[in-house]
Amino acid sequence: VIASVLTITNTNTSNAINNFHFQAAVPKNMRIKLQNPSTSDLPVYNPILPPQAITQILIVSNPNKEPVRLNYKLSYYLSGEQINESGEIDNGFPSSIDLI
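Our numbering puts the last residue of the sequence shown at 101; the count rises by one with no breaks.
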């Protein structure tokens, strides 16, 4: 089992991020579970205050210890405009972590 934390911050001093949504999928021989995000909105960045963040935990079960390939989609609103992004991460995860 591999656990990873997705962290999103806003460094935009003019616009907040709203309705952030992240989806992920792995090959059929693996399983993924996404915990609920800490929030879906981030306020405008204020350089005087510590930045707020959206955090979301991803748990991947990889019984065959194969390289993890993750497809993702994310969407959010910035200045009232919906932004959609998607992609693939194919070497950013370890295939397994062995604890001795």
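C-beta: ideal position from N, C-alpha, C; glycine also.
The alpha-carbon separation between residue 50 and residue 56 amounts to approximately 18 Å.
Within a 10 Å sphere around the beta-carbon of residue 6 sit fewer than 16 other beta-carbons, which makes this residue exposed. The beta carbon of residue 62 sits closer than 7 Å to those of 2, 31 and 32, all from its chain and outside the five residues before and after it, given in chain order. The Cβ atoms of residue 25 and residue 73 lie closer than 9 Å to each other.
Residue range 3-10 is occupied by the beta strand (DSSP E) that includes residue 10. Residue 91 is positioned such that its CB atom lies no closer than 9 Å to that of residue 75.
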